[in-house]
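For the sequence shown, the working numbering assigns the number 1 to the initial residue and increments by one for each residue that follows. Cβ atoms here follow ideal geometry from the backbone N, Cα and C, with glycine treated the same way.
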Amino acid sequence: MEFSSKLLENAVYEISQLPGIGKRTALRLALHLLRQPKTQTSVLASSLQKLREEIKFCSNCHNISDTQLCEICVNPKRDETLVCVVEDIRDVMAIENTGQYRGLYHVLGGRISPMEGMGPQNLTIESLIHKVKEGVVKELIFALSSTMEGDTTNFYIYKQLQGANIKTSTIARGIAVGDELEYADEVTLGRSILNRVPFENSLRIG
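See below:
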């Protein structure tokens, strides 16, 4: 792809580094921004810069937040004895959109995947175990994606909790094996939360 402007080429390159965006789409976006008033581009740039510099992670659940504790954790109407374990913020948003869940969350920041260099030490598993040991949480719902990595992560956490006085469950398999939570429709995901099953029942034998 030949460019008449180095500035345009640099902008296209940077935009194309975003996931799911190739150079042709990046070019369309860059040219679109050039056609907009300068103030609009400045607002966009400012928003992205503030996002990067000022975003926080909730000290309780590790969800993305504007403050030390996210809006979900400080909501007195949420059930603090019920914690849903998810991979990232997209899963929190997907479950919240169902309107079927009133507990809290724990965001792991990924899943155990040796191929991607992600081990238990790279996730927020330690803080989850500490949270359980404090005794407030009565049930953990494993809501990780139905993949080998998701199942491995679920089982690892389950083994770490052996001996703890806590109920563990997993979302019903209304979510197809191999599916990511964020792509599930709200009705299916909502029913999977409501119809969750004891984690022991989900273990694959053999």
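| field | Beta-carbon gap between residue 89 and residue 74 smaller than 8 Å | value | Here residue 89 refers to the residue found at position 89 when the sequence shown is read from its first residue. Here residue 74 refers to the residue found at position 74 when the sequence shown is read from its first residue. No, Cβ-Cβ distance for residue 89 and residue 74 is not below 8 Å.
| query | Is residue 105 close to chain D, meaning its C-beta is less than 8 Å from at least one C-beta of that chain? | reply | In the structure shown, chain D cannot be found, because there is only a single protein chain.
| query | On the premise that residue 79 lies in contact with residue 102, defined as a C-beta separation below 8 Å, what is that separation, rounded to the nearest angstrom? | reply | Taking the sequence shown and counting its residues from 1, one reaches residue 102 at position 102. Taking the sequence shown and counting its residues from 1, one reaches residue 79 at position 79. Confirmed, Cβ separation roughly 5 Å.
| For residue 29, which residues from the same chain have a beta carbon less than 7 Å from its beta carbon, with the 5 sequence-adjacent residues on both sides left out? | Along the sequence shown, one-based indexing puts residue 29 at 29. These residues qualify, in order along the chain: 15.
| query | Which of helix, strand or coil does DSSP assign to residue 139? | reply | As a working mapping, residue 139 is identified with position 139 in the sequence shown. DSSP places residue 139 in strand when its eight states are reduced to three.
| query | Hey, which unbroken runs of the alpha helix (DSSP H) at 4 residues or more fall wholly within the segment 32-119? | reply | 38-54, 71-74 and 89-98
| query | So, are the CB atoms of residue 168 and residue 161 less than 8 Å apart? | reply | Against the sequence shown, residue 168 aligns to sequence position 168. Against the sequence shown, residue 161 aligns to sequence position 161. Closer than 8 Å, so yes.
| message | Is it buried or exposed, residue 142, if we count other Cβ atoms within 10 angstroms and call 16 or more buried? | response | For this step, residue 142 is matched to residue 142 along the sequence shown. Buried is the call here.
| message | Using only the alpha-carbon positions, how far apart do residue 32 and residue 138 sit? | response | Taking the sequence shown and counting its residues from 1, the one referred to as residue 32 is at position 32. Taking the sequence shown and counting its residues from 1, the one referred to as residue 138 is at position 138. About 51 Å.
| field | N- and C-terminal bounds of the beta strand (DSSP E) containing residue 127 | value | The residue labelled residue 127 in the question sits at position 127 within the sequence shown. That residue, residue 127, is in no beta strand (DSSP E); its alpha helix (DSSP H) goes 125-133.
| said: Can you look up residue 153 in the DSSP assignment and give me helix, strand or coil? | reply: Translated into positions along the sequence shown, residue 153 becomes position 153. If DSSP states are grouped into helix, strand and coil, residue 153 belongs with the helices.
| Do you know offhand how far residue 63's Cα is from residue 13's? | On the sequence shown, position 63 is the one that residue 63 refers to. On the sequence shown, position 13 is the one that residue 13 refers to. The straight-line gap from Cα to Cα measures roughly 30 Å.
| task | Within 10 angstroms of the Cβ of residue 41, are there 16 or more other Cβ atoms? Answer buried if so, exposed if not. | result | Working through the sequence shown from its first residue, we reach residue 41 at position 41. Answer is exposed; the Cβ neighbour count stays below 16.
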